[in-house]
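**Q** So the sequences go chain by chain: R and Y. Residue numbering for the first sequence follows this note's numbering, starting at 1 and increasing by one per position. Residue numbering for the second sequence follows this note's numbering, starting at 1 and increasing by one per position.
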Amino acid sequence: ETAVFQTPNYHVTQVGNEVSFNCKQTLGHDTMYWYKQDSKKLLKIMFSYNNKQLIVNETVPRRFSPQSSDKAHLNLRIKSVEPEDSAVYLCASSLQGVSNERLFFGHGTKLSVL
Amino acid sequence: GDSVTQTEGQVALSEEDFLTIHCNYSASGYPALFWYVQYPGEGPQFLFRASRDKEKGSSRGFEATYDKGTTSFHLRKASVQESDSAVYYCALGLSSGSWQLIFGSGTQLTVMP
């Protein structure tokens, strides 16, 4: 049963445009994440947020920025998209953000940059 | 640095075959180890985890045993079904500084009827 909701499911845009993806979790978790999944299915963490504080930022280009209004929401903005940004962006949450916790993922947002 | 290696990129089996997907890790101490499964059009789903040496995790007929000696957490299932076709990820939970989950490269399992 899905408890991490992402919108939109798909987005097609052109190089240089700005895009924003939404993510909401209804699990009451404290920590949320964004992962990027490329065409080879490789999963790389981009950001994690705990109580509105950025915890991890893994060498992500500056055009990417997470935005959080409360602990249930973590959106992702890309200021000026590049062709290499084409990927599936997966949002996830976990209870507290500690090492043995499971992550709950949304279904992903597929971005295509023309 | 800390990493997870999955040997098989793709595995093709017939129903009722035995499955092994190899996972080896590189990290200090006792990191938490996980298996996730991803079906088409969905995000990865937690399968199970283990946190200490010789601990066995299992779910839905899949199992893996944490082996610190060989730094491995191989996924096994005695008899696969067509519905098991999916991408399987081994993952490592790191807690040095800040916590994060590092995924292996994934293994596409295809089970033919």
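Each residue gets a CB set at the ideal place from its N, CA and C atoms; glycine is no exception. Here the structure is a predicted model, which is why all the values come from computation and not from measurement.
Check the C-beta distance from Y:Cys23 over to Y:Gly104 and give it rounded, since I have them as a contact under 8 Å.
**A** Correct: roughly 6 Å between the Cβ atoms.
**Q** Can you name, in chain order, every residue of its own chain whose Cβ lies under 8 Å from the Cβ of Y:Glu55, other than the five neighbours on each side?
**A** Closer than 8 Å at the Cβ level, and outside the excluded window around Y:Glu55, lie Thr65 and Tyr66.
**Q** Assuming contact is defined by CB atoms lying nearer than 8 Å, are Y:Ala12 and Y:Thr110 in contact in what I supplied?
**A** In this structure, Y:Thr110 lies closer than 8 Å to Y:Ala12 by Cβ.
**Q** Please list, in chain order, the chain R residues whose beta carbon lies closer than 8 Å to that of Y:Ser105.
**A** Lys40, Lys41 and Leu42, listed in chain order.
**Q** Take Y:Ser1 as the anchor and find which of Y:Gly57, Y:Tyr25 and Y:Ile21 has the nearest alpha-carbon.
**A** According to the sequence as given, residue 1 of chain Y is Gly; it is not Ser. Among Y:Gly57, Y:Tyr25 and Y:Ile21, the Cα nearest to that of Y:Gly1 is on Y:Tyr25.
**Q** Within a Cβ cutoff of 6 Å, which residues of the same chain sit near R:Tyr10, ignoring the five residues on either side of it in sequence?
**A** Contacts found: Lys110.
**Q** Give me the Cα-Cα distance between Y:Pro44 and Y:Ser28, rounded to the nearest whole angstrom.
**A** So the two alpha carbons sit approximately 26 Å from each other.
**Q** How is the beta strand (DSSP E) around R:Asn9 delimited, first residue to last?
**A** No beta strand (DSSP E) contains R:Asn9, which DSSP labels as neither H nor E.
**Q** Counting only C-beta atoms, is R:Phe21 closer than 8 Å to chain Y at any point?
**A** Closer than 8 Å: no.
**Q** Where are the beta strand (DSSP E) runs, 3 residues long or more, that stay fully inside the stretch 75-107 of chain R, in chain order?
**A** Listed in chain order, the complete beta strand (DSSP E) runs (minimum 3 residues) inside the stretch 75-107 of chain R are 75-78 and 87-94.
**Q** My guess is that Y:Leu33 and R:Leu103 are in contact by the Cβ rule of under 8 Å, so how many angstroms apart are they, rounded?
**A** Y:Leu33 to R:Leu103, Cβ: 14 Å. No contact.
**Q** Specify the secondary structure class of Y:Asp84 as computed by DSSP and reduced to three states.
**A** Here Y:Asp84 sits in helix by DSSP.
**Q** Round the Cβ separation of Y:Glu15 and Y:Val80 to the nearest angstrom and send it over; I've been treating them as touching at under 8 Å.
**A** At roughly 7 Å, the Cβ-Cβ gap stays under 8 Å, so Y:Glu15 and Y:Val80 are in contact.
**Q** Taking C-alpha atoms, which residue in R:Thr26, R:Gln37 and R:Leu90 lies nearest to R:His107?
**A** Nearest of R:Thr26, R:Gln37 and R:Leu90 to R:His107, Cα basis: R:Leu90.
**Q** Against chain R, which members of the stretch 81-96 of chain Y pass a CB distance test of less than 8 Å?
**A** Of all residues in the stretch 81-96 of chain Y, Val87, Tyr89, Gly93, Leu94 and Ser95 have a Cβ within less than 8 Å of some Cβ in chain R.
**Q** Sort Y:Ser59, Y:Pro40, Y:Arg52 and Y:Asp53 by Cα distance to Y:Phe46 and report the nearest one.
**A** When only C-alpha atoms are compared, the closest one is Y:Ser59.
**Q** Who are the neighbours of Y:Ala32 on chain R, taking C-beta pairs under 7 Å?
**A** The contacting residues are Ser99 and Asn100.
**Q** Does the count of Cβ pairs from the stretch 19-33 of chain R and the stretch 42-50 of chain R closer than 8 Å reach three?
**A** With the cut-off at 8 Å, the stretch 19-33 of chain R and the stretch 42-50 of chain R touch.
**Q** Compile a chain-ordered list of the residues in the stretch 44-58 of chain Y whose CB is closer than 8 Å to at least one CB of chain R.
**A** Cβ contacts with chain R: Pro44, Gln45, Phe46, Arg49 and Ser51.
**Q** Relative to the C-alpha of Y:Ile61, which candidate in Y:Thr70, Y:Arg76, Y:Ser83 and Y:Tyr30 has its C-alpha closest?
**A** Contrary to the premise, residue 61 of chain Y reads as Gly rather than Ile in this sequence. Nearest C-alpha to Y:Gly61: Y:Arg76.
**Q** I want to see whether chain Y comes within less than 8 Å of R:Val56, judged by CB atoms only; does it?
**A** Yes, its Cβ sits closer than 8 Å to a Cβ of chain Y.
**Q** Tell me which same chain residues have a C-beta within less than 8 Å of the C-beta of Y:Thr20, skipping the five on either side of it?
**A** Closer than 8 Å at Cβ, skipping near neighbours: His74, Leu75 and Arg76.
**Q** So, are the CB atoms of Y:Tyr36 and Y:Ala78 less than 8 Å apart?
**A** Cβ distance not < 8 Å, so Y:Tyr36 and Y:Ala78 don't count as in contact.
**Q** Let me check understanding here. Comparing Cα to Cα, which of R:Lys44, R:Thr7, R:Glu101 and R:Asn100 lies closest to R:Ser20?
**A** Nearest C-alpha to R:Ser20: R:Thr7.
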